[in-house]
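Quick note: the sequence shown uses this note's numbering, first residue 512, plus one each step.
Note that CB positions come from ideal geometry on N, CA and C, so glycine has one too.
Working notes for the structure below.
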Amino acid sequence: MNKALISVLGTDQPGIMAAVATVITEHGGNIENLSQTLLQSVFGALLMVSMPEDKQCEELHEALQQVGQKMRLSIHVDPWDEQLTPWQENTPEVQPYILTVIGPDRRGLVAEVSTHLARHGVNITNIQAIFKGGKNPMDNLMVFEVDVPRSTVMQDLRDALDEVGQRLDIEIDTQHRKIFESVSNISN
Numbered sequence: 512m513n514k515a516l517i518s519v520l521g522t523d524q525p526g527i528m529a530a531v532a533t534v535i536t537e538h539g540g541n542i543e544n545l546s547q548t549l550l551q552s553v554f555g556a557l558l559m560v561s562m563p564e565d566k567q568c569e570e571l572h573e574a575l576q577q578v579g580q581k582m583r584l585s586i587h588v589d590p591w592d593e594q595l596t597p598w599q600e601n602t603p604e605v606q607p608y609i610l611t612v613i614g615p616d617r618r619g620l621v622a623e624v625s626t627h628l629a630r631h632g633v634n635i636t637n638i639q640a641i642f643k644g645g646k647n648p649m650d651n652l653m654v655f656e657v658d659v660p661r662s663t664v665m666q667d668l669r670d671a672l673d674e675v676g677q678r679l680d681i682e683i684d685t686q687h688r689k690i691f692e693s694v695s696n697i698s699n
């Protein structure tokens, strides 16, 4: 099987996924993984697609370009021959955690938090950030879903993140995913 990585960006409107998925299906493709989101009014999606051996990514790219022109979307198709990183080749045993960051918006905030996570071998699997500006802490929220190696000393990681929080006047909370989900269920 050939694989393709497809990215779709543009102003949100109904029918984007329907149009893209239909073209993929018409070209014999199967969507294996999909992540789609809205950032304000911007639609964004990444799709991992398997294609039959006799199909070329160029054909799919050309067909998707027609959809892109009609709907004013930027669509890119890349053949995907996965090359494992050293981390993926020796993935440590991990535990899922959720980090929430609340506080005033600051330039470099994402860079600062993600750099400290990387220093501790933590892999970010998903980030959502909503920055509305201003000083109201609840108007600015980031949620990091991360995989923390079991070998990580959690108190060292928490101490490093607390130092970032104090310096940037933000609150960083770290919880195991199971605890986070349990607390969320109780709150609802």
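- Counting C-beta atoms within 10 angstroms of its own C-beta, H587 has fewer than 16 neighbours from the protein chains shown and is therefore classed as exposed.
- The Cβ-Cβ distance between V605 and D658 falls below 7 Å.
- Classified as buried, I517 has 16 or more neighbouring CB atoms from the shown chains inside 10 Å of its CB.
- Using a Cβ-Cβ distance cut-off of 8 Å, the stretch 540-548 and the stretch 591-599 are not in contact, since fewer than three pairs of beta carbons, one from each stretch, lie closer than that value.
- Assigned with DSSP and collapsed to three states, K581 falls in helix.
- In the same chain as V675, and ignoring 5 residues on each side of it, the C-beta atoms closer than 8 Å to its own belong to E623, V624, H627, I681 and I683, in chain order.
- Per DSSP, A530 has no beta-bridge partner at all.
- Assignment of beta-bridge partners to F655 by DSSP yields L610 and I638.
- Cα atoms of V519 and A556: separation of roughly 5 Å, rounded to the nearest angstrom.
- Shown here for T522: same chain residues with a beta carbon closer than 8 Å to its own, the five before and five after excluded, namely S552, V553, F554 and R583 in chain order.
- Between the C-alpha atoms of L610 and D650 there is a straight-line separation of about 17 Å.
- Nearest to I635 by alpha-carbon distance, out of F642, R617, G540 and V621, is V621.
- In terms of Cβ geometry, V560 and A530 do not form a close pair [threshold 7 Å].
- The beta carbon of N541 sits closer than 6 Å to those of S561, all from its chain and outside the five residues before and after it, given in chain order.
- The Cβ atoms of Q639 and V654 lie closer than 7 Å to each other.
- For T522, the uninterrupted beta strand (DSSP E) segment begins and ends at N513 to T522.
- Of the other Cβ atoms in all chains shown, 16 or more fall within 10 Å of the Cβ of I535; this residue is therefore buried.
- In this structure, L652 places its C-beta atom within 7 Å of the C-beta atom of I613.
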